[in-house]
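Structure record follows, encoded as structure tokens.
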Amino acid sequence: MLILSLQFSESICKSERAEMLASRGMVHLIPVKEDGLNPKSRKRIMPDPLTEPPAIDPIYEARVYCNVPSITESSMEGHAPHYFKLVSVHVLIRHGDRYPLYAIPKTKRPEIDCTLVSSRKPSHPRLEAFVRHMSQGSEAQMDGTLGSLPRYPSHSLCEMGELTQTAQGDPERADVKLWHLSVIKTHQLEDERDRQEKKLYFWYALLAVHPLLNQTVNRMQRIADGKKEELFVLYSAHDVTLSPVLSALGITEARFPRFAARLVFELWQDGKKPREHFIRVLYNGFDVTFQTSFCREHNMHSRKPMCPLEKFVHFVKRGMFSVFNSTNYYDACRRRPF
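The number in the working numbering is simply the position in the sequence shown, starting from 1, with 335 added.
Structure below.
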């Protein structure tokens with residue numbers, strides 16, 4: 336009874352307040368609640384039902400992994416404020432579809448044509464223009480080893496490890512059977528979950544790729560100090576090489592390295608303050624600098640949307656060993672972190 340009387344008294348007070356406002360010329364044509372919302376026009380909000388996450392599409396995953404040329408992409412390499420100068424680039428690339436590196440014992444070597452012919456399927460619409468463009472390279476003067484290297488595959492039969500034309504095609508048109516992927520992924524998922532819980536792969540990645548990252552950092556430091564050094568470095572890598580680098584950098588959201596995947600380290604110099612240097616990390620054209628463990632806390636919306644070189648140097652020289660409770664590579668390799 337007490338609650339009802341209080342509610343009734345409150346409604347009377349509101350009515351009297353409305354009449355007072357009306358007498359002063361301030362009239363609310365539509366009653367408004369204290370929070371400013373119109374109770375009559377409010378729609379009922381239905382909660383979204385709990386749904387399962389979308390299932391993995393094996394066809395889409397295969398197209399992404401095979402890096403089908405028909406998929407249009409954009410890249411952020413070389414993009415920076417106008418007063419920055421690009422002074423060094425380090426690139427790790429993974430090869431595309433190719434002939435096997437090793438022959439299976441007691442098995443006939445498959446005969447695969449490695450000439451690039453636009454009339455053979457699968458083929459890309461720009462293949463003919465690519466071959467015509469690359470053939471003009473014979474007119475250029477190249478010294479040393481570059482002059483003897485083929486500019487594109489031209490063997491009637493693929494040699495060991497040679498790139499094929501298959502990567503130019505669509506997995507659907509190439510009649511690739513993908514039904515077995517769900518069975519394989521089920522077993523792989525259980526193994527991967529166990530590895531992630533124990534962080535075995537992460538610890539392996541830190542030690543495996545430290546020599547490469549240390550070499551990269553040393554070269555960048557020498558360039559920042561004004562010493563003469565290689566401005567462009569290209570590493571030909573495998574998926575089992577590129578994946579540990581991504582893991583060691585802390586880029587956990589990255590896809591597994593596809594065909595022709597690339598990881599780029601850019602070193603930039605501030606034109607207004609030449610002694611200040613910054614780096615950018617790009618994976619398949621996307622800027623992932625602020626996904627790295629060493630620059631995740633840096634303000635990506637600052638005037639200089641890059642990572643200071645000092646953070647990368649400290650990560651390679653010190654940070655990579657902290658998980659092993661060590662300060663150098665020699666001790667880290669001999670400690671058991673678990």
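All residues carry an ideal CB built from backbone N, CA and C; glycine is no exception. Quick caveat, the model's predicted, so the values are computed rather than measured.
Identify, in the order they occur along the chain, each residue of the same chain with its Cβ nearer than 8 angstroms to the Cβ of residue i, setting aside the five sequence neighbours on each side.
{"i": "Gly585", "result": "Gln626, Thr627, Ser628, Phe629, Arg631"}
{"i": "Leu577", "result": "Leu427, Arg429, Pro592, Ala596, Leu598"}
{"i": "Arg444", "result": "Ala438"}
{"i": "His633", "result": "Phe625, Cys642, Pro643, Lys646"}
{"i": "Glu539", "result": "Reading off the sequence shown, one finds Tyr at residue 539, where the question assumed Glu. For Tyr539, where only same-chain residues beyond five positions count, the Cβ hits under 8 angstroms are Pro579."}
To the nearest angstrom, how far is it from the Cα of residue i to the Cα of residue j?
{"i": "Glu408", "j": "His573", "result": "22 angstroms"}
{"i": "Glu412", "j": "Leu617", "result": "7 angstroms"}
{"i": "Ser582", "j": "Leu541", "result": "8 angstroms"}
{"i": "Ser423", "j": "His430", "result": "23 angstroms"}
{"i": "Phe613", "j": "Ala589", "result": "22 angstroms"}
{"i": "Gln298", "j": "Phe621", "result": "Since the first residue shown for the chain is 336 and the last is 673, residue 298 is missing from the structure and cannot be characterised."}
{"i": "Leu569", "j": "Leu598", "result": "10 angstroms"}
{"i": "Arg653", "j": "Gln556", "result": "15 angstroms"}
{"i": "Leu462", "j": "Leu535", "result": "43 angstroms"}
{"i": "His649", "j": "Leu602", "result": "16 angstroms"}
{"i": "Met635", "j": "Val575", "result": "30 angstroms"}
{"i": "Asn663", "j": "Asp448", "result": "50 angstroms"}
{"i": "Met469", "j": "Lys456", "result": "21 angstroms"}
{"i": "Val403", "j": "Tyr395", "result": "10 angstroms"}
{"i": "Arg547", "j": "Leu421", "result": "Looking at the sequence provided, one finds Leu at residue 547 rather than Arg. Computed Cα separation, rounded: 21 angstroms."}
{"i": "Thr587", "j": "His414", "result": "24 angstroms"}
{"i": "Thr624", "j": "Tyr665", "result": "28 angstroms"}
{"i": "Ser454", "j": "Ser661", "result": "59 angstroms"}
{"i": "Pro440", "j": "Gly561", "result": "53 angstroms"}
Short of 6 angstroms in beta carbon distance, which residues of its chain neighbour residue i, apart from the five on each side in sequence? Order them along the chain.
{"i": "Tyr472", "result": "It should be pointed out that residue 472 corresponds to Gly in this sequence rather than to Tyr. Same-chain partners within the cutoff: Arg486."}
{"i": "Ser657", "result": "none"}
{"i": "Leu566", "result": "Ser423"}
{"i": "Ala543", "result": "Pro579"}
{"i": "His363", "result": "Because the pLDDT of His363 is 45, which lies under 50, any placement of that residue in the model is unreliable, and the number read from its coordinates should be weighed accordingly. Within the same chain, His363 has no close Cβ partners at all."}
{"i": "Val651", "result": "Leu548, Asn549, Val552"}
{"i": "Met655", "result": "Leu541, His545"}
DSSP state of residue i, grouped into three classes?
{"i": "Cys630", "result": "coil"}
{"i": "Arg615", "result": "strand"}
{"i": "Arg429", "result": "strand"}
{"i": "Phe591", "result": "coil"}
{"i": "Phe621", "result": "strand"}
{"i": "Val658", "result": "coil"}
{"i": "Val424", "result": "strand"}
{"i": "Pro643", "result": "strand"}
{"i": "His636", "result": "coil"}
{"i": "Val452", "result": "coil"}
{"i": "Pro445", "result": "coil"}
{"i": "Thr407", "result": "coil"}
{"i": "Glu412", "result": "coil"}
{"i": "Arg653", "result": "helix"}
{"i": "Leu581", "result": "helix"}
{"i": "Ser458", "result": "coil"}
{"i": "Glu564", "result": "coil"}
From what residue to what residue does the beta strand (DSSP E) around residue i run?
{"i": "Tyr418", "result": "Where Tyr418 is concerned, there is no enclosing beta strand (DSSP E), given that its DSSP letter is neither H nor E."}
{"i": "His545", "result": "Here His545 belongs to no beta strand (DSSP E); instead the alpha helix (DSSP H) covers 535 to 559."}
{"i": "Arg597", "result": "597 to 605"}
{"i": "Phe567", "result": "567 to 572"}
Can you list, in chain order, the residues of its chain with a C-beta nearer than 7 angstroms to that of residue i? Leave out the 5 residues immediately preceding and following it.
{"i": "Val466", "result": "Leu451, Tyr487"}
{"i": "Phe537", "result": "Ser582"}
{"i": "Glu611", "result": "Asp605"}
{"i": "Ile558", "result": "Val422, Ser423, Glu564, Leu602"}
{"i": "Asn619", "result": "Ala596, Arg597"}
Taking the beta carbon of residue i as the centre, do at least 16 other beta carbons fall within 10 Å, making it buried, or is it exposed?
{"i": "Lys639", "result": "buried"}
{"i": "Pro592", "result": "buried"}
{"i": "Pro609", "result": "exposed"}
{"i": "Arg554", "result": "buried"}
{"i": "His425", "result": "buried"}
{"i": "Thr442", "result": "exposed"}
{"i": "Leu644", "result": "buried"}
{"i": "Ala438", "result": "exposed"}
{"i": "Leu484", "result": "exposed"}
{"i": "Arg670", "result": "exposed"}
{"i": "Ala390", "result": "exposed"}
Need the endpoints of the alpha helix (DSSP H) that residue i sits in, please.
{"i": "Asp666", "result": "664 to 668"}
{"i": "Tyr400", "result": "393 to 401"}
{"i": "Ala464", "result": "462 to 470"}
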